[in-house]
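Note that the sequence shown ends on residue 403 in our numbering; no numbers are left out.
Report on the structure given below.
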Amino acid sequence: MALICDGGQVRHEVKTGAIHHLRATPETVHWGYFHPEIKPALRVRSGDLIQAEAVTHHAGDAPELMMDEAITRIFTEIDASDRAPGVHIMTGPIYVEDAKPGDMLEVRYFRMTPRFNHGSNLAANWGHLYQEFDEKERVTIYELDPNANTASALYAYDFKGKYLTPGTITHCPVCERQPALKGVTIPARPHLGTAGVAPATDERVSTIPPGLHGGNIDNWRIGAGATMYYPVQVDGALFSIGDPHVSQGDGEISGTAIEASLDVLFQIVLRKDFSFPSPLLETPTKWIVHGFDEDLNKAMKNAALDMLHLLTEHQGLSRNDAYSLMSVATDFGVTQVVDGTQGIHVRVDRGIFPSKGVVGDLPEIKPDR
Numbered sequence: 035m036a037l038i039c040d041g042g043q044v045r046h047e048v049k050t051g052a053i054h055h056l057r058a059t060p061e062t063v064h065w066g067y068f069h070p071e072i073k074p075a076l077r078v079r080s081g082d083l084i085q086a087e088a089v090t091h092h093a094g095d096a097p098e099l100m101m102d103e104a105i106t107r108i109f110t111e112i113d114a115s116d117r118a119p120g121v122h123i124m125t126g127p128i129y130v131e132d133a134k135p136g137d138m139l140e141v142r143y144f145r146m147t148p149r150f151n152h153g154s155n156l157a158a159n160w161g162h163l164y165q166e167f168d169e170k171e172r173v174t175i176y177e178l179d180p181n182a183n184t185a186s187a188l189y190a191y192d193f194k195g196k197y198l199t200p201g202t203i204t205h206c207p208v209c210e211r212q213p214a215l216k217g218v219t220i221p222a223r224p225h226l227g228t229a230g231v232a233p234a235t236d237e238r239v240s241t242i243p244p245g246l247h248g249g250n251i252d253n254w255r256i257g258a259g260a261t262m263y264y265p266v267q268v269d270g271a272l273f274s275i276g277d278p279h280v281s282q283g284d285g286e287i288s289g290t291a292i293e294a295s296l297d298v299l300f301q302i303v304l305r306k307d308f309s310f311p312s313p314l315l316e317t318p319t320k321w322i323v324h325g326f327d328e329d330l331n332k333a334m335k336n337a338a339l340d341m342l343h344l345l346t347e348h349q350g351l352s353r354n355d356a357y358s359l360m361s362v363a364t365d366f367g368v369t370q371v372v373d374g375t376q377g378i379h380v381r382v383d384r385g386i387f388p389s390k391g392v393v394g395d396l397p398e399i400k401p402d403r
């Protein structure tokens with residue numbers, strides 16, 4: 035790998051390697067957890083492209099619209115006792131040759147295409163305002179317009195009881211369907227709610243809370259055109275994707291996004307030339323740092339400290355200058371408040387820095403398109 039200058043910007047040149055296709059089947063997914071001892075579903079080298087299927091665990095909310103024979107196999111053949119301790123269906127893991135703890139995994143997301151033209155949002159018992167709605171749960175089914183890249187509500191129904199079992203299948207042809215959000219159209223923003231590397235642990239790690247390995251970050255900006263950097267914790271990295279969404283707002287207030295299966299094209303690049311303490315997101319215009327904790331104030335501080343690290347270690351600013359800049363030019367937001375561990379993200383515009391690029395270990399990187 036070499037650093038080259040392109041139009042005044044520093045970019046990381048990586049040759050495209052092999053192209054792999056990874057389907058989601060009972061043999062290539064793990065349901066609800068990360069673990070370093072899962073058998074790899076695929077082995078790749080740095081620079082390889084992967085076309086992978088990400089399946090939503092909410093497909094059963096409208097099985098006639100969101101399930102096909104392959105997804106039905108996942109729901110019926112994976113034992114219910116093996117869907118724990120989390121809820122998300124994760125495709126992988128992908129073993130990256132020569133990846134070692136301390137490296138960074140650069141994942142360039144190029145394309146995210148809905149598998150079906152429908153998705154589901156659940157106002158769930160873990161939603162932020164659950165008690166304000168008399169502890170009622172409600173499912174809204176959305177229809178996607180792929181030409182306009184928008185979504186609109188098709189119908190809604192009340193879910194009886196509590197939605198707790200991963201892989202719940204609702205027989206909605208016999209449920210009471212109600213109209214919802216008449217005349218409202220929202221932008222579709224396909225992205226992965228959950229993706230990450232295996233944590234260095236001897237126990238299963240739930241897919242529900244996010245962490246330093248990635249996991250359920252639920253940042254809608256992790257879509258096509260974005261690049262994520264994940265700190266490698268075990269040999270091979272063991273990267274997995276899941277929890278696909280077609281749209282979500284910051285906060286994910288009801289407990290879910292528009293959950294819908296996606297076909298994802300991405301490239302994995304192994305980076306041994308820099309490090310970062312937490313999952314780092316690069317979009318065409320921003321760097322975005324994430325902080326997590328059960329306490330939202332502590333999540334805020336963690337995000338602030340990691341942004342301070344980015345500005346000092348990778349932009350060459352003094353701590354005093356970085357602190358001032360953070361107060362006047364960075365934006366903090368609540369990523370989600372419904373995944374056990376709270377999430378904060380902080381954004382800084384890449385365009386405010388000198389055109390010579392980043393000072394330090396982390397080059398300014400643009401995916402090859």
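We put the beta carbon where it would ideally sit given N, CA and C, even for glycine.
For residue i, name the three-state secondary structure that DSSP assigns.
| i | result |
| --- | --- |
| His205 | coil |
| His343 | helix |
| Met262 | strand |
| Glu87 | strand |
| Tyr197 | coil |
| Gly81 | coil |
| Gly94 | helix |
| Glu286 | coil |
| Met334 | helix |
| Asp297 | strand |
| Ser281 | strand |
| Gln165 | helix |
| Thr147 | strand |
| Met138 | strand |
| Tyr99 | Tyr is not the amino acid found at residue 99; the sequence shown has Leu there. Helix at Leu99. |
| Ala291 | coil |
| Ile128 | strand |
| Asp116 | helix |
| Arg223 | coil |
| Gln370 | strand |
| Lys49 | coil |
| Ala104 | helix |
| Thr110 | helix |
| Leu315 | strand |
| Asp192 | strand |
| Arg403 | In this predicted model, Arg403 has a pLDDT of only 33, less than 50, meaning its place in the structure is not dependable enough to derive any value. |
Quick one: measure Cβ to Cβ for residue i and residue j, integer angstroms, because I've assumed they're closer than 8 Å.
| i | j | result |
| --- | --- | --- |
| Phe387 | Gly230 | Between Gly230 and Phe387 the Cβ distance is about 28 Å, and since that is not below 8 Å, they are no contact. |
| Pro148 | Leu188 | Going by Cβ atoms, the distance from Pro148 to Leu188 rounds to 14 Å, so no, they are not a contact pair. |
| Thr261 | Val130 | Not really, about 16 Å apart at Cβ, beyond 8 Å. |
| Thr106 | Val63 | That pair is no contact at about 13 Å. |
| Ser288 | Asn159 | Actually they do not touch by this definition, with Cβ atoms about 11 Å apart. |
| Ala363 | Asp383 | 7 Å |
| Gly385 | Pro318 | With 8 Å as the limit, Gly385 and Pro318 do not qualify as a contact, their Cβ atoms being about 10 Å apart. |
| Ile175 | His205 | Wrong, their Cβ atoms sit about 14 Å apart, outside the cutoff. |
| Val173 | Phe193 | 6 Å |
| Asp252 | Glu286 | 5 Å |
| Ala222 | Asn183 | 5 Å |
| Ala104 | Thr59 | 7 Å |
Checking 7 Å against the spacing of the C-beta atoms, do residue i and residue j come in under that value?
| i | j | result |
| --- | --- | --- |
| Ile378 | Met334 | yes |
| Lys320 | Arg381 | yes |
| Ala133 | Gly270 | yes |
| Thr202 | Gly66 | no |
| Val266 | Ala234 | no |
| Arg305 | Met138 | yes |
| Gln376 | Leu330 | yes |
| Cys209 | Tyr197 | no |
| His225 | His162 | no |
| Pro127 | Ser274 | yes |
Would you list the residues sitting across from residue i in a DSSP beta bridge?
| i | result |
| --- | --- |
| Lys320 | Asp383 |
| Ser309 | Note: Ser309 sits in no beta bridge, so no partner. |
| Trp65 | Ile123 |
| Asp179 | Thr184 |
| Gly217 | Answer is none; Gly217 lacks a bridge partner. |
| Asn155 | Thr174 |
| Thr241 | According to DSSP, which records beta bridges pairwise, Thr241 is partnered with nothing at all. |
| Ser274 | Gly230 |
| His54 | Ile84 |
| Tyr408 | Residue 408 falls outside the range modelled here, since the chain spans only 35 to 403, and no answer is possible. |
| Asp365 | Arg381 |
| Ile302 | Val141 |
| Gly248 | Gly230 and Gly245 |
| Leu404 | Nothing can be reported for residue 404: it is not among the residues displayed for the chain, which extend from 35 to 403. |
Does the distance between the C-beta of residue i and the nearest non-hydrogen atom of the ligand GDP fall short of 6 Å?
| i | result |
| --- | --- |
| Gly367 | Within the structure as shown, the ligand GDP is missing, as the structure has no ligands at all. |
Query raised in the report: Taking one C-beta from the region 87–98 and one from the region 288–295 each time, how about it: are there three or more such pairs within less than 8 Å?
Result: yes
Requested in this report: May I ask you to verify whether the region 50–60 touches the region 76–86, counting CB pairs closer than 8 Å and requiring at least 3?
Outcome: yes
Query raised in the report: Within the chosen definition, does the region 113–124 reach the region 236–243 through at least 3 CB pairs nearer than 8 Å?
Result: yes
**Report entry** Sufficient close CB pairs (3 or more, under 8 Å) joining the region 369–378 to the region 302–311
**Finding:** no
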